[in-house]
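Residue numbers (my numbering): 86 to 298. C-beta: ideal position from N, C-alpha, C; glycine also. First comes the structure, then the notes that go with it.
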């Protein structure tokens, strides 16, 4: 099968002699049951699902668009074109995001255990998800509080719900408010109902979120 021209980067965490270090893993090709990975900028190498990449990193799944790594026992699905730097301090959980070519911070997160692609949006009062994503995640959103919001295409109906868990990198929060929008939302918005519970620090093209509570 022809090598796919996919580039995905993730930073996992390992432990060596009691100290934490970052390992950069680049996904440059995906095949059924296999992924071609570049470790710390080295030569591309093919790994099969189940292969150990390092003492703390393992390739656990591959599909046509993502490779899933298990890093220190935690799984991370790496989306096409995503740049994520994962850190795990001893006292606080944090994640570092890298801006894409348009200056946007995109991240592959999890809502109620299901994978969702999100755009960091400080202008959004709450997390915003589409009705299609809500249904896929098993959220009975029409039992939420109905309302209306203004969008670029006019007003749109929304439903206010409480998400059991929202996870971005190593940050996991419980009972997070969200709005489910029935139209005009191509991806989820990582809004202030999540971000207010983190410390945000931007340095150039990187944004680091650190869990506060």
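Burial state of residue i, where buried means 16 or more other Cβ atoms lie within 10 Å
i, result
"residue 133", "exposed"
"residue 236", "exposed"
"residue 128", "exposed"
"residue 151", "buried"
"residue 254", "buried"
"residue 217", "exposed"
"residue 137", "exposed"
Spatially closest choice to residue i from the options, by CA coordinates
i, options, result
"residue 194", "259, 248 and 162", "162"
"residue 288", "181, 131 and 150", "181"
"residue 156", "140, 258, 116 and 256", "140"
"residue 267", "245, 249, 285 and 254", "245"
"residue 272", "248, 261 and 200", "200"
"residue 290", "190, 257, 277 and 215", "190"
"residue 294", "137, 258 and 126", "258"
"residue 198", "222, 216 and 243", "222"
"residue 301", "280, 109 and 138", "Because the chain in this structure spans residues 86 to 298, residue 301 falls outside the shown range and cannot be described."
"residue 233", "265, 113, 185 and 207", "265"
"residue 153", "115, 215 and 281", "115"
"residue 278", "292, 263 and 188", "263"
"residue 210", "228, 280 and 242", "280"
Whole-angstrom distance between residue j and residue i, CA atom to CA atom
i, j, result
"residue 121", "residue 225", "39 angstroms"
"residue 275", "residue 252", "11 angstroms"
"residue 270", "residue 202", "12 angstroms"
"residue 169", "residue 183", "With a pLDDT of 47 at residue 169, under the threshold of 50, the modelled position of that residue is not reliable, and the figure given next carries that caveat. Each residue's alpha carbon lies about 6 angstroms from the other."
"residue 248", "residue 145", "27 angstroms"
"residue 148", "residue 240", "37 angstroms"
"residue 118", "residue 111", "17 angstroms"
"residue 173", "residue 286", "Here the model assigns residue 173 a pLDDT of 41, short of 50, so the residue's position is not dependable and the matter cannot be decided."
"residue 192", "residue 298", "21 angstroms"
"residue 238", "residue 220", "23 angstroms"
"residue 207", "residue 214", "15 angstroms"
"residue 282", "residue 261", "10 angstroms"
"residue 250", "residue 256", "10 angstroms"
"residue 143", "residue 135", "7 angstroms"
"residue 296", "residue 178", "6 angstroms"
"residue 228", "residue 243", "11 angstroms"
Residue interval of the alpha helix (DSSP H) (run including residue i)
i, result
"residue 263", "Not the alpha helix (DSSP H): residue 263 falls in the beta strand (DSSP E), residues 256 to 266."
"residue 120", "Taken as a continuous stretch (DSSP letters only), residue 120 belongs to no alpha helix (DSSP H), being part of the beta strand (DSSP E) at 119 to 124."
Continuous beta strand (DSSP E) stretch holding residue i: start and end
i, result
"residue 292", "291 to 296"
"residue 133", "130 to 133"
"residue 270", "First-last for residue 270: undefined, no H or E at that position."
"residue 299", "A question about residue 299 goes unanswered here, because the residues of the chain that appear run from 86 up to 298."
"residue 283", "283 to 288"
"residue 186", "No beta strand (DSSP E) holds residue 186; DSSP gives it neither H nor E."
"residue 200", "199 to 205"
"residue 194", "191 to 196"
**Minimum length 3: unbroken beta strand (DSSP E) runs contained in the segment 135 to 165** = Taking 3 residues as the minimum length, the beta strand (DSSP E) runs contained wholly in the segment 135 to 165 are 142 to 147, 152 to 156 and 159 to 163, in order along the chain.
**Asked** Which parts of the segment 210 to 241 are runs of the beta strand (DSSP E), unbroken and 3 residues or longer, counting only runs that do not cross its ends?
**Response** The segment 210 to 241 contains these whole beta strand (DSSP E) runs: 212 to 215 and 230 to 236.
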